[in-house]
Amino acid sequence: MNSSEVAGLWQSRFGIPEKAFAGYRFFRKAQSVWMISGSELPDLSYEALGMRIMNLKDRPWKPTTCALQILGKHATKNLVHLNDSQAMIFLEGKSLPIESNLEPGYVVVLYREEVLGCGLYSHGIVISQLPKERRTTSCS
Amino acid sequence: MERYRDIVPDFEAFKAVLHRPLFNCCRINTLKMERAKLLERLDEKGVGWKIFDWYPFGLKLDVESPGKLLENLLGYIHIQEELSMVPPLLLDPQPGEVVLDLCASPGSKTTQISQMMNNRGLVIANEPSLARLTPLRSNCERLGVLNVAITRYDGRNFPRGSFDRVLVDAPCSSEGRERRGPGILARSNRKRSLDLQKLQIGLLKNATRLAKPKGVVIYSTCTYAPEENELVVEKVLDDARLERISIPGLKDCPGITEWNGETMRDDLSNCARYYPHINDTGGFFVAKLIKN
Ligand SMILES: C[S@@+](CC[C@H](N)C(=O)[O-])C[C@H]1O[C@@H](n2cnc3c(N)ncnc32)[C@H](O)[C@@H]1O
Numbered sequence: 015m016n017s018s019e020v021a022g023l024w025q026s027r028f029g030i031p032e033k034a035f036a037g038y039r040f041f042r043k044a045q046s047v048w049m050i051s052g053s054e055l056p057d058l059s060y061e062a063l064g065m066r067i068m069n070l071k072d073r074p075w076k077p078t079t080c081a082l083q084i085l086g087k088h089a090t091k092n093l094v095h096l097n098d099s100q101a102m103i104f105l106e107g108k109s110l111p112i113e114s115n116l117e118p119g120y121v122v123v124l125y126r127e128e129v130l131g132c133g134l135y136s137h138g139i140v141i142s143q144l145p146k147e148r149r150t151t152s153c154s
Numbered sequence: 013m014e015r016y017r018d019i020v021p022d023f024e025a026f027k028a029v030l031h032r033p034l035f036n037c038c039r040i041n042t043l044k045m046e047r048a049k050l051l052e053r054l055d056e057k058g059v060g061w062k063i064f065d066w067y068p069f070g071l072k073l074d075v076e077s078p079g080k081l082l083e084n085l086l087g088y089i090h091i092q093e094e095l096s097m098v099p100p101l102l103l104d105p106q107p108g109e110v111v112l113d114l115c116a117s118p119g120s121k122t123t124q125i126s127q128m129m130n131n132r133g134l135v136i137a138n139e140p141s142l143a144r145l146t147p148l149r150s151n152c153e154r155l156g157v158l159n160v161a162i163t164r165y166d167g168r169n170f171p172r173g174s175f176d177r178v179l180v181d182a183p184c185s186s187e188g189r190e191r192r193g194p195g196i197l198a199r200s201n202r203k204r205s206l207d208l209q210k211l212q213i214g215l216l217k218n219a220t221r222l223a224k225p226k227g228v229v230i231y232s233t234c235t236y237a238p239e240e241n242e243l244v245v246e247k248v249l250d251d252a253r254l255e256r257i258s259i260p261g262l263k264d265c266p267g268i269t270e271w272n273g274e275t276m277r278d279d280l281s282n283c284a285r286y287y288p289h290i291n292d293t294g295g296f297f298v299a300k301l302i303k304n
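In order, the protein sequence lines correspond to chains A and B. Start counting the first sequence at 15; every next residue gets the next number (our numbering). Start counting the second sequence at 13; every next residue gets the next number (our numbering).
Below you can see the structure in the form of structure tokens.
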């Protein structure tokens with residue numbers, strides 16, 4: 015995949031400007047897209063190239079949490095800002111009621127201006143998409 | 013362990029410190045978080061910290077399970093032994109270069125190299141063990157690394173390249189980790205070190221071949237055994253020269269030039285040995301080679 019195809023998808027869902035993707039290269043393997051710095055790749059047999067940033071298998075496509083933590087700071091739409099207690103719940107990997115008029119789909123979840131990760135919004139609920147190993151364990 | 017009595021300065025103090033546990037340490041991941049902001053966050057939480065005397069991005073943490081800190085889950089810090097931050101510092105990678113990390117998992121040094129290159133250029137992180145690929149990938153993702161490609165060769169047969177810098181953080185007997193896992197030193201012996209030596213020589217020879225002319229090769233282990241250290245480095249000195257190591261704020265001892273009654277090359281004293289009782293750390297060995 016070329017840079018502008020990838021950038022186009024992130025631009026339309028999250029308003030992330032195309033220049034956030036400049037200087038990187040993109041590879042598609044099965045249904046995943048990988049992003050790596052623009053250097054020439056030596057002729058070797060690779061296991062992985064850079065970071066897996068999105069999955070195209072389902073509709074809509076799904077951003078990875080690790081990619082949102084890097085790219086999400088440039089996002090201008092489909093953002094959800096959490097307060098202290100909501101952030102705790104999100105970080106435990108649970109669902110949150112959120113009052114908003116967001117478009118249903120994947121959202122950038124923020125707390126104190128920092129990206130926590132990816133959420134799935136529909137019908138007034140944000141479901142945490144944090145990978146298991148990145149969740150906090152509840153202290154109650 | 014007694015076989016090190018003659019090479020370790022103040023051997024009694026060395027033995028005594030091995031019973032004392034080590035501080036938990038971490039590196040600030042500037043790919044995701046500014047240093048000043050991170051320190052502020054720790055203060056807010058009441059987590060005590062002390063910056064290393066020799067490296068501004070390394071911290072001793074006063075907390076029991078640093079891995080559970082939110083800052084770790086979000087990739088703002090990486091839990092890493094103090095001396096494990098030495099080899100990347102000596103490797104001194106520059107943004108835009110092409111660097112090979114021949115024995116990479118779990119990627120503490122890979123990700124530090126990536127951070128030093130500001131996510132530009134390319135780091136090839138090589139790791140043959142399938143089981144150890146998962147932690148390597150997971151750390152790269154958590155820390156927001158975008159300039160690392162992973163390969164899975166036996167490092168001795170890594171096929172080709174002309175790298176600006178190569179790191180060989182070799183598999184070793186890990187004697188320097190005694191303060192983390194008591195008993196390692198007691199189980200260690202010369203025979204085991206000689207077995208590892210064959211692998212280590214193969215790795216370092218190939219690394220030297222893969223570096224471009226005047227390229228930098230760093231060889232490191234977390235062990236004291238000369239069989240795995242100076243006696244490995246010695247084998248590539250026809251193709252590279254040793255550069256003297258000195259890091260302000262971190263005391264090192266020179267590489268040894270005599271062992272088991274045999275005299276070795278003088279320039280092996282340019283290697284650095286780090287002992288636990290001298291800087292209150294683990295134990296470590298590192299050599300900096302410049303290819304001819
Ligand atoms: C000391 S550890 C590396 C630690 C890593 N550099 C870090 O800082 O996180 C040594 C690694 O070498 C790997 N290894 C073992 N045999 C190897 C070989 N033949 N070629 C390359 N790597 C090898 C081991 O699986 C292990 O992950």
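Every residue gets a Cβ at the ideal spot worked out from N, C-alpha and C, and that includes glycine.
{"Check": "Continuous alpha helix (DSSP H) stretch holding HIS289(B): start and end", "Outcome": "288 to 291"}
{"Check": "8 Å Cβ cut-off: residues of chain A touching SER150(B)", "Outcome": "GLU147"}
{"Check": "PHE26(B), enclosing beta strand (DSSP E) - first and last residue", "Outcome": "Element bounds for PHE26(B): not the beta strand (DSSP E) but the alpha helix (DSSP H), 23 to 29."}
{"Check": "Sequence-distant residues of the same chain with beta carbon closer than 8 Å to SER232(B), five excluded per side", "Outcome": "VAL98, PRO99, LEU179, VAL180, ASP181, ALA182, PHE296, PHE297, VAL298, ALA299"}
{"Check": "Per-residue DSSP class, three states only, for MET276(B)", "Outcome": "coil"}
{"Check": "Delimiting residues of the beta strand (DSSP E) encompassing LEU82(B)", "Outcome": "Segment 82 to 85 is the alpha helix (DSSP H) holding LEU82(B); no beta strand (DSSP E) there."}
{"Check": "Among ASP166(B), ASP251(B), VAL228(B), nearest to GLY214(B) - alpha-carbon criterion", "Outcome": "ASP166(B)"}
{"Check": "Residue-chain proximity (ALA62(A), chain B), Cβ-Cβ < 8 Å", "Outcome": "yes"}
{"Check": "Chain B contact for ILE84(A) (CB, 8 Å cutoff)", "Outcome": "yes"}
{"Check": "DSSP beta-bridge partners of LEU71(B)", "Outcome": "CYS38(B), ILE63(B)"}
{"Check": "Chain-order list of residues whose beta-carbon lies under 8 Å from that of ARG202(B) (same chain, five-residue window excluded)", "Outcome": "ARG15, ALA237, GLU239"}
{"Check": "Contact belief for THR306(B) with GLY188(B) at Cβ below 8 Å, rounded distance in angstroms", "Outcome": "The first residue shown for chain B is 13 and the last is 304, placing residue 306(B) beyond what the model contains."}
{"Check": "Coil, strand or helix - GLY294(B) by DSSP", "Outcome": "coil"}
{"Check": "Cβ separation of GLY227(B) and PHE170(B), assumed to be a contact under 8 Å, to the nearest whole Å", "Outcome": "Actually they do not touch by this definition, with Cβ atoms about 15 Å apart."}
{"Check": "Beta carbon proximity, ARG221(B) to chain A, threshold 8 Å", "Outcome": "no"}
{"Check": "In DSSP terms, what CYS265(B) is bridged to", "Outcome": "ARG285(B)"}
{"Check": "Helix, strand or coil at LYS303(B) according to DSSP, with G and I counted as helix", "Outcome": "strand"}
{"Check": "DSSP state of ASN115(A) mapped onto helix, strand, coil", "Outcome": "coil"}
{"Check": "The beta strand (DSSP E) enclosing SER232(B), as first and last residue numbers", "Outcome": "223 to 233"}
{"Check": "Cβ-heavy atom distance, ARG253(B) to ligand 1, below 7 Å", "Outcome": "no"}
{"Check": "Test item: CB-CB of GLU83(B) and LEU50(B) under 8 Å", "Outcome": "yes"}
{"Check": "Where the beta strand (DSSP E) through ILE19(B) begins and ends", "Outcome": "It is not in any beta strand (DSSP E) - ILE19(B) carries neither H nor E in the DSSP assignment."}
{"Check": "Reduced DSSP secondary structure (H/G/I, E/B, other) of SER154(A)", "Outcome": "Its pLDDT being 37, under 50, SER154(A) is placed unreliably in this model, and the value from its coordinates should be taken loosely. If DSSP states are grouped into helix, strand and coil, SER154(A) belongs with coil."}
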